[in-house]
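As given, the protein sequences belong to chains A and B, one line each in that order.
Reminder that position 40 of the first sequence reads as 78 in our numbering, one-by-one numbering, no gaps.
Reminder that position 14 of the second sequence reads as 225 in our numbering, one-by-one numbering, no gaps.
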Amino acid sequence: AQTVTQSQPEMSVQEAETVTLSCTYDTSESDYYLFWYKQPPSRQMILVIRQEAYKQQNATENRFSVNFQKAAKSFSLKISDSQLGDAAMYFCAYRRSTGNQFYFGTGTSLTVIP
Amino acid sequence: DAGITQSPRHKVTETGTPVTLRCHQTENHRYMYWYRQDPGHGLRLIHYSYGVKDTDKGEVSDGYSVSRSKTEDFLLTLESATSSQTSVYFCAIGGGGSYNEQFFGPGTRLTVL
């Protein structure tokens, strides 16, 4: 089974500052997808960003960007200009390109300090 | 937002009773999933479906069964609820074939007393 590890159960960041959330994964596949999901207190799971493993360029969505290091099997999420609304649980997820199952990390709880 | 609803949204039940949770989608996705979310464990896959009447087990399937008689509905049944099944349950769609990401329903909070 694939494993996804988020080693930071909790993180905090000052409003307007930058924070990086870590994620590592274990796989023997060469082609796969990686995702970051956000879960605010409303409990709704929201897709933040995704990365295809075959793409070398790091994905970016507005203030959210990733640092994808394929050889190191690392997929970190950078949040720039942090806002109060960014406070949430963040989950990293992996899916093989030919598979149906997603594998999630245990999550990182992000607090944004005004 | 993807059209995914879950019912009920909250339920309290007693140990030993059967419970059925419903997931309904209006997106005509082939793939549907049931997860449970527990502190310290993230989301763990219970069962998933890749078509009508086609289902498979996930990581934590013991004590759960599923059925999918129509594309739009995916039912999760706890045959005899236990306190260890107290959790938040999420339904998701997508992720198979050309669909990369999953879209999630709002979740159901189940408490087994």
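Each residue gets a CB set at the ideal place from its N, CA and C atoms; glycine is no exception.
Contact list for the segment 238 to 255 of chain B against chain A, Cβ threshold 7 angstroms = Y242, G251, H252, G253 and L254
ask   = Pick from A:E55, A:M49, A:S66 and A:Q46: whose alpha carbon is nearest that of A:A109?
value = Locating residue 109 of chain A in the first sequence gives position 71, counting from the first residue. Of the listed residues, the one whose Cα sits closest to A:A109 is A:S66.
request  = State the Cα-Cα distance for the pair A:I151 and A:S120, rounded to the nearest angstrom.
outcome  = As a position in the first sequence, residue 151 of chain A is number 113, starting the count at 1. As a position in the first sequence, residue 120 of chain A is number 82, starting the count at 1. Their backbone Cα atoms lie some 9 angstroms apart in a straight line.
query = Sorry if obvious, but does the Cβ on A:V104 come closer than 7 angstroms to a heavy atom of the ligand NAD?
reply = The ligand content of the structure shown is nil, which means the ligand NAD is not present either.
message = Can you check whether the C-beta of A:Q46 is within less than 8 angstroms of a C-beta belonging to chain B?
response = Indexing the first sequence from 1 puts residue 46 of chain A at position 8. Chain B, which has no Cβ nearer than 8 angstroms to the Cβ of A:Q46, makes this no.
query = B:Y300 CB to nearest chain A CB: under 8 angstroms?
reply = Taking the first residue of the second sequence as 1, we reach residue 300 of chain B at position 89. Not closer than 8 angstroms to any Cβ of chain A, the Cβ of B:Y300 fails to qualify, so no.
inquiry  = Need the endpoints of the beta strand (DSSP E) that A:N105 sits in, please.
reply    = Taking the first sequence and counting its residues from 1, the one referred to as residue 105 of chain A is at position 67. Boundaries of the beta strand (DSSP E) harbouring A:N105: F102 to Q107, taken from the DSSP string.
ask   = When the cut-off is 8 angstroms and only beta carbons count, does A:T83 lie next to chain B?
value = Residue 83 of chain A sits at position 45 when you count from the first residue of the first sequence. The sequence shown places Met at residue 83 of chain A, not Thr. Chain B, which has a Cβ nearer than 8 angstroms to the Cβ of A:M83, makes this yes.
query = For A:L122, which three-state DSSP category applies?
reply = On the first sequence, position 84 is the one that residue 122 of chain A refers to. Correct three-state label for A:L122: helix.
inquiry  = Assuming A:D64 and A:K111 are in contact, meaning their beta carbons sit under 8 angstroms apart, how far apart are those beta carbons, in whole angstroms?
reply    = The residue you call residue 64 of chain A lines up with position 26 of the first sequence. The residue you call residue 111 of chain A lines up with position 73 of the first sequence. With 8 angstroms as the limit, A:D64 and A:K111 qualify as a contact, their Cβ atoms being about 7 angstroms apart.
message = Please return the same chain residues whose Cβ sits closer than 7 angstroms to the Cβ of A:S114, not counting the five positions on each side in sequence.
response = Taking the first sequence and counting its residues from 1, one reaches residue 114 of chain A at position 76. Once the five neighbours on either side are set aside, the close Cβ partners of A:S114 are T58, L59, S60, C61, V104 and N105.
task = Go through its chain and collect everything with a Cβ distance to B:T224's Cβ below 8 angstroms, but skip five positions before and after it.
result = Looking up residue 224 of chain B in the second sequence gives position 13. Closer than 8 angstroms at Cβ, skipping near neighbours: V230, A292, L321, T322, V323 and L324.
message = So A:T144 contacts chain B; which residues on that side make the cut at Cβ distance below 8 angstroms?
response = Locating residue 144 of chain A in the first sequence gives position 106, counting from the first residue. Going along chain B in sequence order, the residues near A:T144 (Cβ under 8 angstroms) are G251, H252 and G253.
query = What in chain B is Cβ-close to A:F129, meaning under 8 angstroms?
reply = For this step, residue 129 of chain A is matched to residue 91 along the first sequence. Within chain B, the residues near A:F129 are G253 and L254.
key: B:K281 - partner residues in DSSP beta bridges   = Along the second sequence, one-based indexing puts residue 281 of chain B at 70. According to DSSP, which records beta bridges pairwise, B:K281 is partnered with B:D284.
key: Residue-level contact to chain B via CB, A:F102, 8 angstroms cutoff   = Taking the first sequence and counting its residues from 1, one reaches residue 102 of chain A at position 64. Cβ-Cβ to chain B under 8 angstroms: no for A:F102.
ask   = Which value, in whole angstroms, describes the spacing of the CA atoms of B:F314 and B:T266?
value = On the second sequence, position 103 is the one that residue 314 of chain B refers to. On the second sequence, position 55 is the one that residue 266 of chain B refers to. Rounded to whole angstroms, B:F314 to B:T266 spans 18 angstroms at the Cα level.
inquiry  = Using C-beta distances below 6 angstroms, list every residue in its chain close to A:E48, excluding the 5 sequence neighbours before and after it, in chain order.
reply    = Position 10 of the first sequence holds residue 48 of chain A. Around A:E48: S147.
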